[in-house]
Amino acid sequence: MTDGEYGEGMSFHWRFRHRAEPLEIEIDDVVDPQKPLWVRRIRVIPDAAGKIGLYSMHHYNLGENDVGEAAFWDSGERRLYHFKGPLWVCAGFEIPGACSGLSSSGRAEIMGSVAKRRDGGVTISPETGKVYGRTVDHGLIESIVGLIWNPAGETATFEAAYVLALGNSMDEAGRLARHGSRMGYEGVKARSSRYWSLGAQGTASTAGSRDTGPGSLYEVSLKVLATHCDRRGGILASCDSDIMLDYRDHYRYVWPRDAAMCASALARAGYPEFARRYLLFCRDTLSEGGFFWQRYRPDGTRGSGWHPPDLPPGQLPIQEDETALSLVTAKDYLVATRDPDSLEEVYPGFIRKAARFILDYREEDGFLVKPSFDLWEERRGIFSFTQASCVAGLVSAAEISFVLGQGDEKEFLAGAYQLLQGLVLYLSDDDRGFARGICAEAGSLNPEYIPDWTADASLYCIPILVAEFKGNERIAAISRDVAEEWPVVVDRTIERSKVTWKRLDDLLRVHLDGDRTGVARYQGDWYWRPPDTPHVPGNPWPVATAWRLISGHVLGLLDRDVVRDSLSWFKRVSIESGIMPEQVSCVDGEPLSVAPLAWSQAAYLDLVNLVKGS
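Under the UniProt record's numbering, read the sequence shown as residues 1 to 614, first letter to last.
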């Protein structure tokens, strides 16, 4: 039998009880908040005296492939090292308070071996408990580090620690492992608890408007997001690897779309440092032209993708909302921190450059963005979500320019105002609200600007992106002319967003076990759709569901109590551990695609913080 619970900081407690044998094991895991160090405390509680064996097996495939890896057992340190180029992993067992494996309560023997998997790998003797292999090997390998405990007398609880550290060299990984051994589980946990308690001050994590405690879905979402944030600033979409079995690719990329929304959510939740790092990542990866490609590897190099390059002259195979949303993150960071100095670092190389790209990448009259791929990366055209995100991105850049005294604010704001006018004039009407967009057929834009009225959950985001700019004091300070006309156009945007919200409500909500909280991405969504389900628009997505609730509240169509009551849906569709998937089946509510999806957890953070701040 197994059960577990989250602890303070980045820690977790497990309990294992054998169904037949008189044996119970408790395991406590903790990850250091700033170093690549994992410490596991293991307590074995036997009902009878006897020898105890603990083992940890490793299949790393360092560098995402199984070629050229090596490992060796260091008998002096009693630690196992795996390495490939600059990637080093050091792992081993420790006995707290023991010297050379000896203590007053017994004697420990710590061993390690490595072997090629084609040769059968490392083996464990059932008679002696010892591991057999080689002290060094290379290629497609596995390794085992083991500990055999011989108690000195009567039955007693046995405690050991497993320490794993990463580094760019043997010295670095070994030094960090020794540091983890000295600190022990309690020392690393104390560091983790202090670190994570700092960002929670004054945020929803102390609010009475949600379930509190280490195991709450809000706290789990924070931890999941943090584990997807690279030290160099990139925020991965998902660390789940199951999808590799079918696709031979994965979600371990930085999509600026997902990353920007995750960084903004973390800043609003009281953890702006992740947003600051992401903005540095943006500065370092933005193309010379001022835009982002579809997705990136964590090291900032361009990732795999499927946007075709054979487009009409002057058009790019990009998703422009990724560039715009990252500018919005810069503004969200400023609001959360009032730290203009950090934005000064990224203004020339990212903010100004990206905003000028948005200004330039427009149709000739300036009222519409040029075609790019939609939010869901499936079709090309001029989309309402892209247009609204570019409005928000330019206003964000204008505000930052104004605060920093850069002198670009009037130009950026004038461009934003033109795009806002175009959003209302060309992409909406009074009867139906906002269209999904104007699709590009065979590489060319529909010459008559005929809208596509397919119901799409991205339209929920228009008021979220635009409504906050009504009555903005900085807009008035930047340009009196724009400030006078701006509220009129924003009001029309809000009114048409209400019409849109009601239309989407009828077309995108999914019946699941008598509940209609879940929302599909769009009508006819095909991705991971179960067969024989023509009666539903698609599978419910947590991000789409959160957008409906947030925009409904922003528009005054849903009160706080309705939004709060809907939070239970997110708990129901999450895995028991609090991991939230990309989507769930419209038939049985089971998780589909990857889990976790950082984007889903971020949307839940925003939803809870909205309830708390209402």
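Glycine included, every Cβ here is placed at the ideal spot set by N, Cα and C.
Do you know whose CA, among the options, lies nearest residue i's CA?
i	options	result
residue 47	563, 491 and 21	21
residue 518	500, 421 and 590	590
residue 112	613, 468, 143 and 233	143
residue 85	10, 564 and 68	68
residue 127	133, 141 and 51	51
residue 395	337, 458 and 467	467
residue 243	137, 528 and 189	528
residue 397	421, 344 and 216	344
residue 365	324, 314, 418 and 489	418
residue 535	510, 541 and 547	510
residue 292	265, 164, 508 and 373	373
residue 425	402, 403 and 451	451
residue 197	223, 217 and 123	223
residue 472	604, 402 and 526	402
residue 267	338, 294, 171 and 308	338
residue 415	459, 355, 427 and 285	355
residue 284	275, 300, 276 and 325	300
residue 375	586, 557, 333 and 318	318
residue 357	79, 320 and 7	320
residue 533	121, 7 and 585	585
Note down the Cα distance separating residue i from residue j, rounded to an integer number of angstroms.
i	j	result
residue 521	residue 569	17 Å
residue 347	residue 281	13 Å
residue 177	residue 296	31 Å
residue 383	residue 432	16 Å
residue 530	residue 255	26 Å
residue 75	residue 130	15 Å
residue 412	residue 140	55 Å
residue 555	residue 564	16 Å
residue 11	residue 160	17 Å
residue 175	residue 610	44 Å
residue 454	residue 524	9 Å
residue 588	residue 545	17 Å
residue 362	residue 312	14 Å
residue 515	residue 553	20 Å
residue 537	residue 583	13 Å
residue 17	residue 25	7 Å
residue 87	residue 505	50 Å
residue 477	residue 483	8 Å
residue 273	residue 65	32 Å
residue 201	residue 270	Note that residue 201 scores 46 on pLDDT, short of 50, meaning its location in the model is unreliable and no value can be drawn from it.
residue 96	residue 147	13 Å
residue 184	residue 164	12 Å
residue 221	residue 15	23 Å
residue 557	residue 449	31 Å
With the cut-off set at 8 Å, would you say residue i and residue j are in Cβ contact?
i	j	result
residue 350	residue 461	no
residue 260	residue 335	no
residue 225	residue 601	yes
residue 389	residue 434	no
residue 29	residue 596	no
residue 436	residue 408	no
residue 464	residue 400	no
residue 149	residue 108	yes
residue 19	residue 27	no
residue 315	residue 307	no
residue 286	residue 330	no
residue 136	residue 93	no
Run the CB neighbour count on residue i, radius 10 Å, all protein chains shown included, and call it buried at 16 or more, exposed below.
i	result
residue 322	buried
residue 182	exposed
residue 606	buried
residue 539	buried
residue 486	buried
residue 488	exposed
residue 581	buried
residue 3	exposed
Please state whether DSSP places residue i in a helix, a strand or coil.
i	result
residue 84	strand
residue 587	coil
residue 551	helix
residue 179	helix
residue 565	helix
residue 204	Only weak support exists for where residue 204 lies, its pLDDT of 44 falling under 50; the value from the coordinates is given anyway. Looking at residue 204 - three-state DSSP - the assignment turns out to be helix.
residue 606	helix
residue 7	coil
residue 56	strand
residue 292	coil
residue 449	coil
residue 170	helix
residue 559	coil
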